[in-house]
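> Protein chains in written order, with this note's numbering: chain C, 1 to 402; chain E, 1 to 179.
(1) Alpha carbon to alpha carbon, how far is residue 119 (chain C) from residue 370 (chain C)?
(2) Note down, in chain order, each residue of its chain lying with its Cβ closer than 6 Å to the Cβ of residue 282 (chain C), except the 5 sequence neighbours on either side.
(3) Going by DSSP, what residues sit across from residue 134 (chain C) in a beta bridge?
(4) Would you kindly work out how many angstroms separate the C-alpha atoms of residue 341 (chain C) and residue 28 (chain C), rounded to a whole number?
(5) Report whether the distance from the Cβ of residue 234 (chain C) to the nearest heavy atom of the ligand GTP is below 7 Å.
(6) Taking 8 Å as the cut-off, decide whether the C-beta atoms of residue 121 (chain C) and residue 278 (chain C) are in contact.
(7) Have a look at residue 11 (chain C) and residue 18 (chain C) and give me their C-alpha separation to the nearest angstrom.
(8) Identify, in the order they occur along the chain, each residue of the same chain with its Cβ nearer than 6 Å to the Cβ of residue 359 (chain C), setting aside the five sequence neighbours on each side.
(9) Nearest-angstrom Cα distance between residue 36 (chain E) and residue 328 (chain C)?
(10) Between the Cα of residue 234 (chain C) and the Cα atoms of C:186, C:211, C:31, which residue gives the shortest distance?
(11) Mind checking the segment 197-227 of chain C against chain E and listing, in chain order, the residues whose C-beta falls within less than 8 Å of any C-beta there?
(12) Can residue 12 (chain E) and residue 53 (chain E) be called in contact, C-beta distance under 8 Å?
(13) For residue 162 (chain C), go through chain A and note every residue whose CB falls closer than 8 Å to its CB, in chain order.
(14) Identify the residues that DSSP records as bridge partners of residue 213 (chain C): which are they?
(15) What did DSSP end up calling residue 5 (chain E) once you bin it into helix, strand or coil?
(16) I need the straight-line Cα distance from residue 194 (chain C) to residue 79 (chain C), nearest angstrom please.
(17) Using 8 Å as the threshold, is the segment 55-64 of chain C in touch with the segment 29-44 of chain C, meaning 3 or more CB pairs across them?
(18) Hey, residue 146 (chain C) and residue 247 (chain C): beta-carbon distance below 8 Å or not?
(19) Chain C partners of residue 54 (chain E), CB-CB under 9 Å?
(20) At which residues does the alpha helix (DSSP H) containing residue 320 (chain C) begin and terminate?
(21) Mark residue 3 (chain C) as exposed unless 16 or more other C-beta atoms lie within 10 angstroms of its C-beta, in which case mark it buried.
(22) Leaving aside the five residues before and after residue 136 (chain E) along the sequence, list all residues of the same chain whose C-beta is less than 7 Å from its C-beta, in chain order.
(23) Is residue 136 (chain C) close to chain E? Criterion is C-beta to C-beta, closer than 8 Å.
(24) Once the 5 residues before and after residue 144 (chain C) are set aside, which same chain residues still bring their CB inside 7 Å of it?
(25) For residue 61 (chain E), return the contacting residues in chain C, with the cut-off set at a CB-CB distance below 8 Å.
(26) Under three-state DSSP, which class holds residue 230 (chain C)?
(27) Does the distance from the C-beta atom of residue 138 (chain C) to that of residue 207 (chain C) stay below 8 Å?
(28) Could you tell me whether the segment 164-176 of chain C touches the segment 98-108 of chain E, where touching means 3 or more Cβ pairs closer than 8 Å?
(29) Which word fits residue 330 (chain C), buried or exposed, when buried means at least 16 other C-beta atoms lie within 10 angstroms of its C-beta?
(30) Mind checking which residues open and close the alpha helix (DSSP H) that includes residue 168 (chain C)?
(31) Any idea if residue 337 (chain C) is buried or exposed, counting beta-carbon neighbours within 10 angstroms, 16 or more meaning buried?
(32) Cβ of residue 171 (chain E) less than 8 Å from any chain C Cβ?
(33) Give the C-beta separation of residue 244 (chain C) and residue 326 (chain C) to the nearest angstrom, bearing in mind that I take them to be a contact with Cβ-Cβ under 8 Å.
(34) Note down, in chain order, each residue of its chain lying with its Cβ closer than 7 Å to the Cβ of residue 349 (chain C), except the 5 sequence neighbours on either side.
(35) How long is the line joining the alpha carbons of residue 130 (chain C) and residue 312 (chain C), rounded to whole angstroms?
And the structure:
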């Protein structure tokens, strides 16, 4: 922190930055010493369970309003001013709806699928550094933990689709699992570059490695050639992992009714919805942690604003970006999806590993910027032309509504 | 502590063994695959109790995230899991019991031999991921490269097995004749 501004050293701003940590220590003080770590952990869990579903409620209304405005309509506007209380209405509706389980469905697996999803998704938040000194557990292999838990969500998708004994569910589940497995490889490979340059799998260390400033500009990894390529690849793979538009073929409403959660109603559907959105938040949080500097401020003069405020601001920007993409891009077909993953993203992420290694060993200076950027741009152009040449793509045509 | 083992270890091993038993005894094949997933999770918990973080998380990532999915896909794409088996016990059960008793005796002998050999229970070494990486790159680089070659061969083999047959001129002309 040697290059931060003088304002930051003021204890008022330091206390504001650490206000949740101080609150946790204060509550811990009421308990005997041997119980304090457990109480601290429980408080952290309560904070996560309160904060992220709260953001989920906000996101549902933001998404519907945002999509509505992008599609030239209003979105929900009945419940509360500008429809802001819509999640309350949705929650009450989903709690009071009848829970219908098909007669021939596999009861136990049908019940366990949303449970497994929500457990796996909440576990992923345990290693996310939300602010300075604000992480639930600082695991040495934190990033590996997150990806391992993310791999378990695929199992719940399969369980949901198979146990419903429904053609559309099974088809949606197969597509979803195939898509998630294909995109898991570029997701992991594109995150490895951040680990390589930091030298640690711990999320806290990765954020701390990006917390320096040269002048007023931050050392975020996204401002380097390999970091930018890694960030773009990670975000595309993250969209595919969470079945988010334009990769939402598994839940394409016009094709598969609702995909793998066709046969779920009431609260179980709400749990699936919650699990999907929370998965989106956690993977967006990891994109921010790995490439966008985590809780760091974008300019050194802005460090007076607390670290957790920066993290949640970046998270909201990421959510807005996802909603924007959903409203803009058409859905990808299954074979286009698979081609893109295996023929473009996998070679690019492998090349990105080599470029990051070259960056490390070329030493400081302008040479490494030019070499790395040139290699990545050349590869992008060549891969786009050469490997995708069998796709019969014509000239772009525009049609406008009259 | 029960029999010198911690409560957490006893619970985790009960979970693991129960999952493995269920995987062998259940009738519905997909249920068996899901119980096997519970066994994998129990094994990962055992690794984590021994402070082997990398091994535990890799177990979850590889076994639950990939192998379990592979097993259920294989079940669905080959035989269909809707028809439950009605015979839980095979006809050669005596040979099965004898062989499993022999394997159990061998494993028990190996475990008790190693327990008495390492009598001094010092604190477990803290192995970081960095140390694993350094070891992989220096003393274990040959197994690493062999595994990489093996994985590449498996990938190429899978692509070849799944590739559609290339059209020869002979089959094209026969198709033209059918139309």
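For every residue, glycine included, the Cβ atom is placed at its ideal position computed from N, Cα and C.
Quick look at the numbers:
(1) So the two alpha carbons sit approximately 45 Å from each other.
(2) The residues are 124, 125.
(3) Residue 134 (chain C) is bridged to C:131.
(4) One C-alpha to the other measures close to 48 Å.
(5) The ligand GTP is absent from the structure shown, which contains no ligand whatsoever.
(6) Contact flag set, yes.
(7) Taking the straight line from one Cα to the other gives about 10 Å.
(8) Close CB contacts of residue 359 (chain C) within its chain, under the 6 Å cut and outside five residues either way in sequence, are with 226, 368, 372 (chain order).
(9) So the two alpha carbons sit approximately 42 Å from each other.
(10) The option with the nearest alpha carbon to residue 234 (chain C) is C:186.
(11) With the criterion set as a beta carbon lying under 8 Å from some beta carbon of chain E, the members of the segment 197-227 of chain C are 199, 200, 201, in sequence order.
(12) Result no, Cβ atoms of residue 12 (chain E) and residue 53 (chain E) do not sit closer than 8 Å.
(13) No chain A is part of this structure, whose protein chains are labelled C and E.
(14) Residue pairing by DSSP places residue 213 (chain C) opposite C:218 in a beta bridge.
(15) Look at residue 5 (chain E) here: in three-state DSSP terms it is strand.
(16) When rounded, the distance between both Cα atoms is 44 Å.
(17) The segment 55-64 of chain C, when compared against the segment 29-44 of chain C, does not touch it at the 8 Å Cβ threshold.
(18) It is not a contact, given that the beta carbons lie outside the stated cut-off.
(19) Those within 9 Å of residue 54 (chain E) in chain C are 140, 141, 144, 201.
(20) In the DSSP annotation of this structure, the continuous segment of the alpha helix (DSSP H) that includes residue 320 (chain C) starts and ends at 307-328.
(21) Legend: pLDDT at residue 3 (chain C) = 41, less than 50; position of this residue unreliable, no value from coordinates given.
(22) For residue 136 (chain E), same chain residues with a beta-carbon under 7 Å away, outside a window of 5 residues either side, are 144 in chain order.
(23) Residue 136 (chain C) has a beta carbon lying at 8 Å or more from every beta carbon in chain E.
(24) Cβ-Cβ distances below 7 Å link residue 144 (chain C) to 201 in the same chain, with the five nearest sequence neighbours on each side left out; the list follows chain order.
(25) At a beta-carbon threshold of 8 Å, the residues of chain C lying near residue 61 (chain E) are 144, 147, 148, 151, ordered along the chain.
(26) It is helical.
(27) Not a contact, by the Cβ cut-off of 8 Å.
(28) Segments in contact, no.
(29) So residue 330 (chain C) ends up on the exposed side.
(30) Element bounds for residue 168 (chain C): 167-198.
(31) Counting other Cβ atoms within 10 Å of its Cβ, residue 337 (chain C) reaches 16 or more and is therefore classed as buried.
(32) In this prediction, residue 171 (chain E) has a pLDDT of 43, which is less than 50 and means its spatial position is unreliable; what the coordinates show is noted afterwards. So, not an interface residue.
(33) Right, their Cβ atoms sit about 7 Å apart.
(34) Result list for residue 349 (chain C): 186, 189, 190, 233, in chain order.
(35) Straight across, the Cα-Cα distance linking residue 130 (chain C) with residue 312 (chain C) is about 8 Å.
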